[in-house]
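Q:
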Amino acid sequence: MFDFIKIELIDIIDITLVGLLIYQAYKLIRGTAALNIFTGIIVFYFIWIIVRALKMELLSAILGQVIGVGVLALIIVFQQEIRRFLLRLGTRYMDSGQKLRLVNAFLGIKNKGVSLVLLDEVTHACRRMSEKKTGALIVIAKSSSLEFIIETGDRIDAIISRRLIENIFFKNAPLHDGAMVIANDKIVAARCTLPISENPHIPAHLGMRHRAAMGISELSDANVIVVSEQNGQISYVQNGEIKKINSINELRLAIENSYK
430 MFDFIKIELI DIIDITLVGL LIYQAYKLIR GTAALNIFTG IIVFYFIWII
480 VRALKMELLS AILGQVIGVG VLALIIVFQQ EIRRFLLRLG TRYMDSGQKL
530 RLVNAFLGIK NKGVSLVLLD EVTHACRRMS EKKTGALIVI AKSSSLEFII
580 ETGDRIDAII SRRLIENIFF KNAPLHDGAM VIANDKIVAA RCTLPISENP
630 HIPAHLGMRH RAAMGISELS DANVIVVSEQ NGQISYVQNG EIKKINSINE
680 LRLAIENSYK
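Per the working numbering, the sequence shown starts with residue 430, numbered consecutively.
1. Are there 16 or more other CB atoms within 10 angstroms of the CB of Gly469, so buried, or fewer, so exposed?
2. Straight-line CA distance for Ala490 to Ser572?
3. Whole angstroms are fine: how far does the CA of Leu492 sit from the CA of Val584?
4. Express the C-alpha separation of Arg640 and Leu604 in angstroms, rounding to a whole number.
5. Could you check the C-alpha separation between Ser525 and Ile569 for me, to the nearest Å?
6. Nearest CA to the CA of Glu679: which residue from Gln494, Leu464, Thr552 and Leu446?
7. State yes or no: is the C-beta of Ser646 within less than 9 angstroms of the C-beta of Gln667?
8. So, for Lys435: in the same chain, excluding its five sequence neighbours on each side, which residues have a beta-carbon less than 8 angstroms away from its beta-carbon?
9. Please classify Gly582 as buried or exposed, where buried requires at least 16 other C-beta atoms within 10 Å of its C-beta.
10. I'd like the list of long-range same chain contacts for Leu623, defined as Cβ closer than 6 angstroms, with 5 residues on each side in sequence excluded.
11. Arg620: which of Ile479, Ile578 and Ile511 sits nearest, CA to CA?
12. Could you compute how far the alpha carbon of Leu483 sits from the alpha carbon of Lys672?
13. With a Cβ-Cβ cutoff of 9 angstroms, do Ile496 and Ile504 count as a contact?
14. Indicate whether Ser559 and Val656 have their beta-carbon atoms separated by less than 9 angstroms.
15. May I ask you to list the residues that DSSP assigns as paired with Lys673?
16. Considering only residues of the same chain and omitting the five flanking positions on each side of Lys562, which have a CB-CB separation below 6 angstroms?
17. Which residue comes first and which comes last in the alpha helix (DSSP H) that contains Asn596?
18. Taking all protein chains shown into account, decide if Ile674 is buried (16 or more other Cβ within 10 angstroms of its Cβ) or exposed.
19. To the nearest angstrom, how far is the alpha carbon of Leu446 from that of Leu438?
20. Taking the beta carbon of Ile538 as the centre, do at least 16 other beta carbons fall within 10 Å, making it buried, or is it exposed?
21. Among Met485, Asp650, Arg557 and Ile597, which residue has its Cα nearest to the Cα of Ser687?
22. Along the chain, where does the alpha helix (DSSP H) containing Val419 start, and where does it finish?
23. Is Ile594 near Ile616, with beta carbons less than 9 angstroms apart?
24. Which stretch, first to last residue, makes up the beta strand (DSSP E) that contains Ala641?
25. Would you tell me roughly how many angstroms separate the C-alpha atoms of Ile479 and Val472, rounded to the nearest one?
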């Protein structure tokens, strides 16, 4: 009776890949206005399928013409989301040494944990800047490559130290605007430009530093620390989630846990 239905292994793989693609697309646009557009496109497509099944020739032809230019329309409507997806794909699968992370996984190479030097210098600098209400934006690279961010700023390549961090973010210092990037226990660059998150659920009282921190955390696995110049509040951002920090020990623990 159901001989016409033949499901092979390749069909299962095909369906699984399509499901994963739709899920990744949903994750990418979740919380943005693009989600409503994406939902509308899905509904429109299913209406077209129903119209074709009912053999409503005229309406089917009209909707078919619209579907025909759908790919171009999708590229225009979702150009920012497509760019973010490709950027995220590249940074997620390239490590800070410009090697494929999949190769490391295949060879069983594990990422090293955070160093005590980094923890001590960064957390103590953040405590001092919080007390003085000095605004700061620090990006700590993990396995994702941040070269596309480093290129937007000024290279420093200096050994990490709390005094240097404080001096860079001093209000009248030439490099205090923008983000500092730390990698391999070195201050690699300062005055870097970060992508701004378009997440509409970010609280309105948070400024551009917090939105920039959210933006880079959505595209990489980096740890991001923000010190507010208004009230000295320290915030920790990772994977698109922001958390208020109430003590330096809490900040230290958050960074340590991100490497586990």
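Don't be surprised by glycine CBs; every beta carbon is placed ideally from N, CA and C.
A: Taking the coordinates as given:
1. As a position in the sequence shown, residue 469 is number 40, starting the count at 1. With fewer than 16 other Cβ atoms within 10 Å, it is exposed.
2. What you label residue 490 is simply residue 61 of the sequence shown in a count that begins at 1. What you label residue 572 is simply residue 143 of the sequence shown in a count that begins at 1. Each residue's alpha carbon lies about 50 angstroms from the other.
3. Translated into the one-based positions of the sequence shown, residue 584 becomes position 155. Translated into the one-based positions of the sequence shown, residue 492 becomes position 63. First, the residue type needs correcting, since residue 584 is Arg and not Val in the sequence shown. Roughly 54 angstroms between the two C-alpha positions.
4. Within the sequence shown, numbered from 1, the residue matching residue 604 stands at position 175. Within the sequence shown, numbered from 1, the residue matching residue 640 stands at position 211. Taking the straight line from one Cα to the other gives about 19 angstroms.
5. Here residue 525 is taken as the residue at index 96 of the sequence shown, counted from 1. Here residue 569 is taken as the residue at index 140 of the sequence shown, counted from 1. Residue placement at Ser525 is poorly supported in this model, since its pLDDT is 47, which falls under 50; the coordinates are not used for a value here.
6. Working through the sequence shown from its first residue, we reach residue 679 at position 250. Measuring from the Cα of Glu679, the nearest candidate turns out to be Thr552.
7. Taking the first residue of the sequence shown as position 1, residue 646 is located at position 217. Taking the first residue of the sequence shown as position 1, residue 667 is located at position 238. Closer than 9 angstroms, so yes.
8. By one-based count along the sequence shown, residue 435 stands at place 6. Within the same chain, Lys435 has no close Cβ partners at all.
9. Residue 582 sits at position 153 when you count from the first residue of the sequence shown. Classification of Gly582: buried, given that the 10 Å Cβ count is 16 or more.
10. By 1-based counting over the sequence shown, the position of residue 623 is 194. The answer, listed in chain order, is Ala608, Ala641, Gly644 and Ile645.
11. Locating residue 620 in the sequence shown gives position 191, where the first residue counts as 1. Out of Ile479, Ile578 and Ile511, Ile578 has the C-alpha closest to the C-alpha of Arg620.
12. As a position in the sequence shown, residue 483 is number 54, starting the count at 1. As a position in the sequence shown, residue 672 is number 243, starting the count at 1. About 52 angstroms.
13. Taking the sequence shown and counting its residues from 1, the one referred to as residue 496 is at position 67. Taking the sequence shown and counting its residues from 1, the one referred to as residue 504 is at position 75. No.
14. Taking the sequence shown and counting its residues from 1, the one referred to as residue 559 is at position 130. Taking the sequence shown and counting its residues from 1, the one referred to as residue 656 is at position 227. Closer than 9 angstroms, so yes.
15. By 1-based counting over the sequence shown, the position of residue 673 is 244. Ser664.
16. What you label residue 562 is simply residue 133 of the sequence shown in a count that begins at 1. Cβ within range, chain order: Glu658 and Gly661.
17. Here the question's residue 596 lines up with position 167 in the sequence shown. Arg591 to Ile597 is the span of the alpha helix (DSSP H), which, as asked, contains Asn596.
18. Counting from one through the sequence shown, the residue named residue 674 turns up at place 245. Counting Cβ neighbours within 10 Å, Ile674 comes out buried, since at least 16 surround it.
19. Numbered from 1 along the sequence shown, position 17 holds the residue referred to as residue 446. Numbered from 1 along the sequence shown, position 9 holds the residue referred to as residue 438. Near 12 angstroms, if we compare the C-alpha coordinates of Leu438 and Leu446.
20. Walking along the sequence shown from the start, residue 538 turns up at place 109. Only weak support exists for where Ile538 lies, its pLDDT of 48 falling under 50; the value from the coordinates is given anyway. When all chains shown are included, Ile538 counts as exposed.
21. Counted from its first residue, the sequence shown places residue 687 at position 258. Ranking Met485, Asp650, Arg557 and Ile597 by Cα distance to Ser687 puts Asp650 first.
22. Outside the shown range of the chain (430 to 689) lies residue 419, about which nothing can therefore be said.
23. Within the sequence shown, residue 594 is the residue found at index 165, counting from 1. Within the sequence shown, residue 616 is the residue found at index 187, counting from 1. Yes, they are a contact pair.
24. One-based indexing of the sequence shown puts residue 641 at position 212. Ala641 -> not in any beta strand (DSSP E); alpha helix (DSSP H) instead, spanning Met637 to Leu648.
25. By 1-based counting over the sequence shown, the position of residue 479 is 50. By 1-based counting over the sequence shown, the position of residue 472 is 43. Cα-Cα distance, rounded: 11 angstroms.
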